[in-house]
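Notes follow the structure.
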Amino acid sequence: MSYPSWDEIKDSLLKGRSVPMIEPDMPTFMGVPHAQGPGDLEGVDVAIIGAPYVASWGPYSGVSKEEWIASPRRVRQQSVKYHSGYMQEFDLDVFEHLRVVDLGDADIPPEVKDNPTAENVLAAQRAVEDKVNMSLDAGAVPIVLGQNSPCGSYAIAKPIAERTKGNVGVISTDVHWDNEPLDALTGDPRIAGSGNWKAKMYEFHENITPGNLVEIGERAMSGGRRENIKKLLDAGANFYPMWEVRKHGIEWLCEELSKAYDGTEAVYVHFDIDVIGGAGPGPGDLLGTLAEPMGMTDYELLRLSYEVGLRGFDALSFICIPPGSAVIYRLIVYVIMYMLAGKVHSELGS
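Just so it is clear: in the sequence shown, position 182 is 261 by my numbering, and no numbers are missing.
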């Protein structure tokens with residue numbers, strides 16, 4: 080079944096309601112106000128940012144670029160199903176406590192889509208950094224709907240590191256370590272790309288400390304080469320493969336998040352959604368060659384998100400959102416809202 084058009088979605092989900100629109104087929108996230116510049120960010124707590132970018136010369140992992148790049152738009156489309164920020168299990172309306180706006184998409188140069196040279200990739204990265212910095216300048220937490228690195232990962236980690244005097248912790252879900260020494264797409268040592276962004280993050284920023292990395296989700300033969308994995312582990316990284324998560328349970332994993340916070344002044348949260356593999360709620364084959372067995376379930380991801388919100392976070396980003404499934408786009412909406420619910424509960428002391 081193909082993904083529906085905006086007209087079909089609008090007729091099904093909005094049913095006569097009006098929501099702010101960024102583009103004719105792109106509403107704001109959950110109908111929050113559209114912030115068009117710094118002047119619209121005063122008093123804002125959270126800013127949603129789109130980063131529609133994919134790092135490849137052709138199809139990425141066997142899936143067309145158009146499908147990958149559509150994800151920030153489609154997450155927003157699916158988000159308008161929900162009339163408010165009311166979370167019934169908590170009897171809490173998130174939007175009564177947090178002012179959330181949508182900053183629209185980063186101005187990623189269109190030429191990078193078909194010509195991903197190092198210079199074009201760096202220009203795309205800077206476009207995302209500009210939006211992230213705009214959010215941080217206003218005191219708002221940036222949440223980036225991305226799809227590939229560096230635009231959905233390093234472009235968020237970099238501004239956090241540059242603004243933080245002390246150490247920065249990282250909480251990462253993934254099925255790959257992304258710590259190869261060199262970007263395979265460009266071969267350029269400046270690029271923090273899809274297979275090497277974590278390696279470059281640690282190389283470029285001394286205050287992002289491996290001992291405060293909580294890495295979750297890799298398993299079995301997938302994820303990286305032994306020597307590269309051991310390099311991060313020997314530097315103190317905290318690794319939680321899905322085997323151990325299943326063995327000990329999600330509550331155990333939530334307790335282990337403290338290692339990202341110990342001795343740090345900021346925490347960057349990065350969710351690579353290929354971590355769910357075939358565990359759903361959509362079929363793993365949507366991810367093409369990225370999908371692996373023993374994926375993290377939607378509940379595990381949402382429970383983790385809420386716990387992160389309770390403990391606090393300075394930025395959140397997504398990549399590898401499985402393309403084409405409405406329910407998985409809604410999972411991204413849930414992740415954001417459960418994390419924000421945790422943030423509200425932390426601020427209320429409840």
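Don't be surprised by glycine CBs; every beta carbon is placed ideally from N, CA and C.
Cβ pair count under 8 angstroms reaching 3, the region 367–387 against the region 135–143:
yes
Buried or exposed for residue 90, going by 16 or more other Cβ atoms inside 10 Å?
exposed
One or two residues paired with residue 392 in a DSSP bridge:
According to DSSP, residue 392 bridges with nothing at all.
In angstroms, rounded to a whole number, what distance separates the CA positions of residue 161 and residue 109?
7 angstroms
Taking the CB atoms as reference points, tell me whether residue 159 and residue 92 lie closer together than 7 angstroms.
yes
Excluding five sequence neighbours on each side, which residues of the same chain lie with their C-beta closer than 6 angstroms to the C-beta of residue 288?
246
Look at the Cβ atom of residue 336, then the Cβ atom of residue 316, and state whether they are nearer than 7 angstroms.
no
Decide if residue 262 is buried, meaning its Cβ has at least 16 other Cβ atoms within 10 Å, or exposed.
buried
Assign residue 84 to buried or exposed, taking buried as 16 or more other Cβ atoms, counted over all protein chains shown, within 10 Å of its Cβ.
exposed
Touching by the beta-carbon criterion (3+ pairs, under 8 angstroms), the region 143–155 and the region 233–240:
no
For a minimum of 4 consecutive residues, which ranges assigned as the alpha helix (DSSP H) are wholly contained in the region 290–315?
305–313
To which residues does DSSP link residue 173 through a beta bridge?
None, per the DSSP bridge assignment.
Mark residue 194 as exposed unless 16 or more other C-beta atoms lie within 10 angstroms of its C-beta, in which case mark it buried.
exposed
By the three-class DSSP mapping on this structure, what secondary structure does residue 317 have?
strand
Beta-bridge partners of residue 246, as assigned by DSSP
343
Find the nearest neighbour of residue 343 within the set 182, 211, 250, judged by alpha-carbon distance.
250
To the nearest whole angstrom, what separates the beta carbons of residue 146 and residue 403, a pair I think is in contact under 8 angstroms?
6 angstroms
Give me the Cβ distance between residue 117 and residue 216, rounded to the nearest whole Å; I'm assuming they're in contact under 8 angstroms.
7 angstroms
If you compare alpha carbons, which of 350, 383, 387 is closest to residue 340?
It is 387.
Check for me: the beta strand (DSSP E) holding residue 126 runs from which residue to which?
125–129
Does the count of Cβ pairs from the region 314–330 and the region 264–275 closer than 8 angstroms reach three?
no
By a C-beta neighbour count over all protein chains shown, 10 Å radius and 16 as the cutoff for buried, is residue 214 buried or exposed?
buried
Taking the continuous alpha helix (DSSP H) assigned at residue 412, which residues delimit it?
In the DSSP assignment, residue 412 falls within the unbroken alpha helix (DSSP H) covering 405–427.
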